[in-house]
Amino acid sequence: MTARQRHAVRGTPPWGGATSPLEAFVDLLKTLEWQNDAACRDVGGDAWYPEERMRAPIAKSICEGCPVRTQCLEDALERHDQHGIWGGYSVEERREMQRQRAEVAA
Ligand code: SF4
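Residue numbers for the sequence shown follow the numbering used here, so the first one is -10 and each next one is one higher.
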């Protein structure tokens, strides 16, 4: 029986399904690996946090060709991020997606 399985039998430790805080940290880093392939990685972040609607299309056009767009969007939805463009979608668009998903799940 692995350490992870032992924890599963005893119950979930405070750091989730990981066997130690270090493993939890490594697990967290692995969940963020997709960011290495982000199309916006070397681009300034201002376009993704537009103060005016006119700048959002710049970010969205870069997101459109991003190889990790799906992961980015799912991450933002999971975190209920309330700012900026993620996965090519604005806050309002993500809220609508979450509303629709909740409706489907109900
Ligand atoms: S989808 Fe857009 S915001 Fe997300 S990683 Fe790609 S370029 Fe960046």
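Idealized CB from N, CA, C, for every residue including glycine.
Predicted, not measured: the structure shown is a model, and the values here were computed from it.
Could you tell me which residues DSSP puts in a beta bridge with residue i?
{"i": "residue 38", "result": "According to DSSP, which records beta bridges pairwise, residue 38 is partnered with nothing at all."}
{"i": "residue 23", "result": "BP columns for residue 23 are empty, so no partner."}
For residue i, does the count of other Cβ atoms within 10 angstroms reach 16, so buried, or fall short, so exposed?
{"i": "residue 65", "result": "buried"}
{"i": "residue 30", "result": "exposed"}
{"i": "residue -6", "result": "At residue -6, the pLDDT of 48 sits below 50, so the modelled position is not reliable; the number obtained from the coordinates is stated separately. With fewer than 16 Cβ atoms within 10 Å of its Cβ, residue -6 is classed as exposed."}
{"i": "residue 83", "result": "buried"}
{"i": "residue 94", "result": "exposed"}
{"i": "residue 17", "result": "exposed"}
{"i": "residue 21", "result": "exposed"}
Could you give the distance in angstroms between the alpha-carbon of residue i and the alpha-carbon of residue j?
{"i": "residue 90", "j": "residue 80", "result": "15 Å"}
{"i": "residue 60", "j": "residue 34", "result": "18 Å"}
{"i": "residue 56", "j": "residue 86", "result": "21 Å"}
{"i": "residue 37", "j": "residue 72", "result": "9 Å"}
Under 7 Å Cβ to Cβ from residue i, same chain only, skipping five residues before and after it: list those, please.
{"i": "residue 58", "result": "52, 76, 77"}
{"i": "residue 45", "result": "39, 74, 79"}
{"i": "residue 49", "result": "74, 77"}
Can you list, in chain order, the residues of its chain with a C-beta nearer than 6 Å to that of residue i? Leave out the 5 residues immediately preceding and following it.
{"i": "residue 23", "result": "57, 60"}
Here's a check: name, in chain order, each residue in its chain whose Cβ is nearer than 8 Å to the Cβ of residue i, leaving out the five neighbours to either side.
{"i": "residue 54", "result": "28"}
{"i": "residue 32", "result": "51"}
Strictly under 9 Å for the Cβ-Cβ distance: is residue i near chain C by that measure?
{"i": "residue 57", "result": "Going by chain labels, chain C is absent from the structure shown, which holds only one protein chain."}
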